[in-house]
Amino acid sequence: MKKWGPRAGRLPTLNHLLAFETAARLGSFRAAADALHVTQGAVAQQVRALEAELGRPLFHRLPRGLALTDCGDEYASRTRFALEILEAATREFTAGPDRHPPGQVLVSTTPSIASRWLIPRLERISAAVPAGSVVIDASDQLRPLHGDGRVDIAIRWGTPPFAEGTARFLLPGRAILVCAPALAGHADWQNADDLAGIPLISDTHRHWSRWFARHGRADMPVTGPSFSQTLHAIEAAERGLGVAIVPAPLVDSALRDGRLVRVLGEQYALDSDAGFYLLTADPPGSGVMAVADRLLAEAAAPSQA
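Numbering (the working numbering), first residue to last: 3 to 307.
Here it is as structure tokens:
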């Protein structure tokens with residue numbers, strides 16, 4: 003067994019890690035302060051203390067927010083993973099096996115899917131369980147699928163096989179280039195070279211490096227705000243902060259109502275072997291199957307949200 007005593011002094015303060023992870027996830031010290039119920043100055047001070055302890059910067063401080071450094075991006079992912087383990091362990095010890103009442107169907111998914119795809123369709127999805135309700139657990143944490151009522155359905159990004167449950171394809175992972183109409187303006191973007199000098203919005207999927215490599219410009223620098231969640235990358239694009247490359251199903255409504263426009267066209271879309279999959283616990287109940295079937299039907303139908 004490992005003896006953790008001698009290592010304890012090498013671990014950062016938990017409050018510093020929480021402040022950093024929250025700021026990385028939400029994209030600003032102000033938003034992190036609101037989430038943690040502390041002052042913006044306290045969050046900034048805790049992040050500076052962590053950076054001093056690590057001996058390297060974790061954020062680029064920008065006039066209009068924060069952008070993770072390469073080191074910060076990697077450390078945020080690992081910190082988030084560690085905090086999720088602690089959260090899951092705490093939940094296992096403090097919660098009983100029945101965490102939601104009979105009749106409820108608990109759907110675990112990411113904030114991006116919940117906000118950009120599920121919520122616009124939630125009324126139709128909820129109609130699948132007229133005597134119960136659909137509960138959305140929006141988190142980047144991969145909650146376990148079990149038959150004891152913990153999570154009934156999960157929508158996850160990746161490629162099969164998954165570690166648990168029965169997986170069915172839900173939505174493609176094809177990513178497209180989008181920006182606000184005002185940014186596109188009178189621009190005459192024809193190819194990858196035309197994006198030189200344009201702010202490029204990134205998320206943790208790091209699509210830009212693959213996109214430029216596919217179009218013969220692997221040397222093209224990617225400069226612009228970076229976010230830990232695709233949801234925030236989309237919101238930044240809607241605000242005119244740059245061009246984002248994001249999964250097409252998450253921006254269909256924004257394209258229809260004019261909040262976003264396509265950049266460079268379909269021939270510049272980025273295909274992916276990964277996609278969004280619907281996972282159900284074994285064996286699923288009738289209510290769970292009704293919601294799962296409704297989700298699959300929504301994904302297969304022409305977009306109407």
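For each residue, glycine too, the CB sits at the ideal point set by N, CA and C. The structure presented is a predicted model; accordingly, all values stated were derived computationally and were not measured.
With DSSP run on the structure shown, which of helix, strand or coil describes residue i?
i           : result
residue 249 : strand
residue 98  : In this prediction, residue 98 scores a pLDDT of 48, lower than 50, which makes its location untrustworthy; the coordinate-derived value is nonetheless stated afterwards. It is coil, neither helix nor strand.
residue 156 : strand
residue 15  : coil
residue 171 : strand
residue 140 : strand
residue 40  : coil
residue 258 : helix
residue 311 : The structure shown does not extend to residue 311, since the chain is modelled only from 3 through 307, so no value can be given for it.
residue 185 : helix
residue 288 : helix
residue 241 : coil
residue 151 : Summary for residue 151: the model assigns pLDDT 47, below 50, so the residue's position carries little reliability; its value from the coordinates is reported in the next sentence. Coil, per DSSP.
residue 264 : strand
residue 87  : helix
residue 228 : strand
residue 204 : strand
residue 53  : helix
residue 4   : For residue 4, the predicted structure reports a pLDDT of 42, less than 50, and the residue's modelled location is therefore unreliable. A value from the coordinates is still provided. Residue 4: coil per DSSP, three-state reduction.
residue 164 : coil
residue 191 : coil
residue 34  : helix
residue 10  : Model confidence at residue 10 stands at a pLDDT of 45, short of 50, so the residue's coordinates are unreliable; what they give is reported in the following sentence. DSSP places residue 10 in helix when its eight states are reduced to three.
residue 21  : helix
residue 116 : helix
residue 199 : coil
residue 235 : helix
residue 75  : helix
residue 46  : helix
residue 80  : helix
residue 121 : helix
Can you tell me the Cβ-Cβ gap for residue i and residue j, rounded? I've got them flagged as a contact below 8 Å.
i           : j           : result
residue 278 : residue 173 : 4 Å
residue 158 : residue 300 : About 17 Å; that fails the 8 Å criterion.
residue 155 : residue 280 : 6 Å
residue 264 : residue 179 : 7 Å
residue 141 : residue 106 : Their Cβ separation, rounded to whole angstroms, is 17 Å, which puts residue 141 and residue 106 out of contact at 8 Å.
residue 204 : residue 228 : 4 Å
residue 110 : residue 252 : That pair is no contact at about 17 Å.
residue 108 : residue 139 : 6 Å
residue 26  : residue 161 : Rounded, the Cβ-Cβ distance is 26 Å, inconsistent with contact.
Just list the residues that DSSP pairs residue i with in beta bridges.
i           : result
residue 63  : 68
residue 106 : 135
residue 111 : 140
residue 298 : The partner list for residue 298 (beta bridge, DSSP) is empty, contrary to what the question assumes.
residue 272 : 177
Starting from residue i and walking both ways along the alpha helix (DSSP H), at which residues does that stretch end?
i           : result
residue 213 : 209-216
residue 277 : From DSSP, residue 277 is part of no alpha helix (DSSP H) but of the beta strand (DSSP E) over 277-282.
residue 126 : 124-128
In the DSSP assignment, the beta strand (DSSP E) including residue i goes from what residue to what residue?
i           : result
residue 180 : 177-181
Can we count residue i as close to the ligand ATP, meaning its CB is less than 7 Å from some heavy atom?
i           : result
residue 202 : For the ligand ATP, the structure offers nothing, since it holds no ligand at all.
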